[in-house]
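Per mature numbering (1 follows the signal peptide of the UniProt record, and there is no 0): the sequence shown = residues -26 to -1, 1 to 424. The structure appears right after this line, and notes come after that.
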Amino acid sequence: MKMKLSVLSAAILSATFFMQPGLAEAKLPVALDGQQLPTLAPMLERVTPGVVSIRVSGSKEVRGRVDPFDFFFGRPQPRSQKRPFSGLGSGVIIDADEGYIVTNNHVIDDAEEMLVTLEDGREFTAKLIGADKESDIALLQIEGKNLTEIKLADSDKLRVGDFSVAIGNPFGLSHTVTSGIVSALGRSGLNIEGYEDFIQTDAAINQGNSGGALVNLKGELIGINTAILGASGGNVGIGFAIPSNMMKNLVDQIIEFGQVRRGSLGISGRTLDAGYAEALDLDVKRGAMVERVVEDSAAEKAGIKAGDVIISVNGNDIRSFQELQGKIATLGEGKKVEIGLYRDGDEIEVDVTLAAAGDIAKEAAEVHPALAGAELESGKRNGVKGVIVNSVDPRSVAARIGLEEGDIITQVNRQRVETVRELTSTIADINGNIVLVVRRGNSTFFAPIQ
């Protein structure tokens, strides 16, 4: 081993010397002691044409901060203004014939113009086919010939330690390539998106990489680069990508329906950890604990009961309740899934046909990102009709704005709401600050969420 390293070092030093300006050019050997030197170049030559740069421009409505008490007492409010913006991100061609490009929703959100640039320099104006804010996926389309698509891998087969390669346009540096490994799977509870089931990687991801490709060593797409975790907003070796299977489920719905039709089990619960498992004398140490099953829901029809622990979906392990929510919501309504349960010391499997995520019970992230971590239900409690907060993750953004289990949302900006559907549509129609009126016991308080 020492001899091989010294030979390689000598070859590198020799090549460095001969490649200095004015000297004859030398090349590194393609083989060393009869063994081929490893390189990603052939794979990247095939794949990088399938990664594009996306430049966006548009205008956003900006409104000054509103004091909720000023709002409710009818005092003058700051006027909103439209301000121009521009941005740069990445995208991945997933269908060369149709010209379909996948990127992150946050890359193109509010964009009025989207310019796609290919590796060979060709430029196209893209149109938006559809997007899903909560899972941060958007589908664009361009009209071009001789496009290169990236083949999708089965992201459910990924293992921690698999090699990964990130391709994108960080800081506007076109088709930058970084490599690393898959550091973790099923990351959730990060409050980055409404629905989270991230691949974590230490392949360097920076601003501008959003929407770019995370591929395996075969050049197959395993994820869409989406977010980074770092105090400075730069790479610290912790990046997150949306799994390719999750992306495909969402894109298929957008193509078929023009929107994402979320699936729902109709349960509420919590993440099972070791302490909770010990308290309940359970043999399993992680999964999604079912605490409540909604009447006439998909879960009830399949025989799922309170006290069950969901440990897998379609044969893939479930590590947390948030991961379960992400998988179910993005699979889509009407999909048949196999749910693995732990019940009374036994592991069993049940088949479930997912219902539509409607008014019965709904993850609050679908209503507004600031409500992520709560579950909402239309109903009546203690004589008060409104939107009931069934559960709140204590580490979530919903908890940080003050929501607790049992609260009842009765108004939004002085408009009465009695159902989750009304709450969703009312918030969607508001441009600017949003203030909830929340009933807790015999008292009422305001909860600004934007």
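For glycine and all other residues, C-beta sits at the position ideal for the given N, C-alpha and C.
| Query | Result |
| --- | --- |
| Straight-line Cα distance separating residue 274 from residue 386 | 32 Å |
| Contact under 7 Å by Cβ, residue 290 with residue 136 | no |
| Straight-line gap, residue 118 to residue 23 (C-alpha atoms, nearest Å) | 13 Å |
| Residue environment, residue 255, which counts as buried when at least 16 other CB atoms sit within 10 Å | exposed |
| Proximity to residue 282 [Cα-Cα], best of 246, 272, 297 and 306 | 246 |
| Check: residue 115 C-beta below 6 Å from any heavy atom of the ligand ADP | In the structure shown, the ligand ADP is absent, as is every other ligand, since no ligand is present at all. |
| Contact the segment 53 to 66 vs the segment 9 to 28: 3+ CB pairs below 8 Å | yes |
| Simplified DSSP assignment, three categories, for residue 351 | strand |
| CB-CB length for residue 218 against residue 127, believed under 8 Å | 6 Å |
| Residue 179 versus residue 21 - alpha carbon distance | 18 Å |
| Outcome for residue 77 when other beta-carbon atoms lying within 10 angstroms are tallied against a minimum of 16 | buried |
| Buried or exposed by the 16-neighbour rule on C-beta atoms within 10 Å, applied to residue 409 | buried |
| Simplified DSSP assignment, three categories, for residue 81 | helix |
| Simplified DSSP assignment, three categories, for residue 74 | strand |
| Inter-residue spacing [alpha-carbon to alpha-carbon] between residue 400 and residue 146 | 38 Å |
| Bounding residues of the alpha helix (DSSP H) (the contiguous stretch that carries residue 255) | Taken as a continuous stretch (DSSP letters only), residue 255 belongs to no alpha helix (DSSP H), as it is neither H nor E. |
| Reduced DSSP category for residue 133 - H, G, I as helix; E, B as strand; rest coil | coil |
| 6 Å Cβ shell around residue 87 - same chain, five flanking residues per side excluded | 31 |
| Alpha carbon of residue 155 to alpha carbon of residue 194, nearest angstrom | 15 Å |
| Cβ shell of residue 378 (< 8 Å), same chain only, five flanking positions each side left out | 363, 366 and 414 |
| Bridge partners - residue 316, DSSP secondary structure assignment | 283 and 321 |
| First through last residue of the alpha helix (DSSP H) which encompasses residue 226 | 218 to 231 |
| Under 7 Å between C-beta atoms of residue 321 and residue 312 | no |
| Cα-Cα separation between residue 348 and residue 341, rounded to whole angstroms | 10 Å |
| Other residues of its chain near residue -6: CB distance less than 6 Å, five sequence neighbours each side excluded | In this predicted model, residue -6 has a pLDDT of only 44, less than 50, meaning its place in the structure is not dependable; the value taken from the coordinates is given anyway. So no residue of the chain qualifies. |
| contact_flag[the segment 232 to 245, the segment 286 to 303] where n(CB pairs < 8 Å) is 3 or more | yes |
| Whole-Å CB distance - residue 214 paired with residue 266, under 8 Å assumed | Incorrect: roughly 30 Å between the Cβ atoms, too far for contact. |
| Coil, strand or helix - residue 334 by DSSP | Per-residue confidence for residue 334 stands at a pLDDT of 47, beneath the threshold of 50, marking its modelled position as unreliable; no derived number is given. |
| Residues bridged to residue 155 (per DSSP) | 137 |
| Environment of residue 12 [buried if 16+ CB atoms lie within 10 Å] | exposed |
| Assigned secondary structure, residue 121 (DSSP; H/G/I helix, E/B strand, else coil) | coil |
| Buried versus exposed, by CB contacts within 10 Å (16 or more), residue 120 | exposed |
| Assumed close pair residue 309, residue 328 - CB separation to whole angstroms, cut-off 8 Å | 5 Å |
| Environment of residue 295 [buried if 16+ CB atoms lie within 10 Å] | buried |
| First and last residue of the uninterrupted alpha helix (DSSP H) at residue 16 | 15 to 21 |
| Validate contact between the segment 225 to 234 and the segment 159 to 176 using beta carbons, cut 8 Å, 3 pairs | no |
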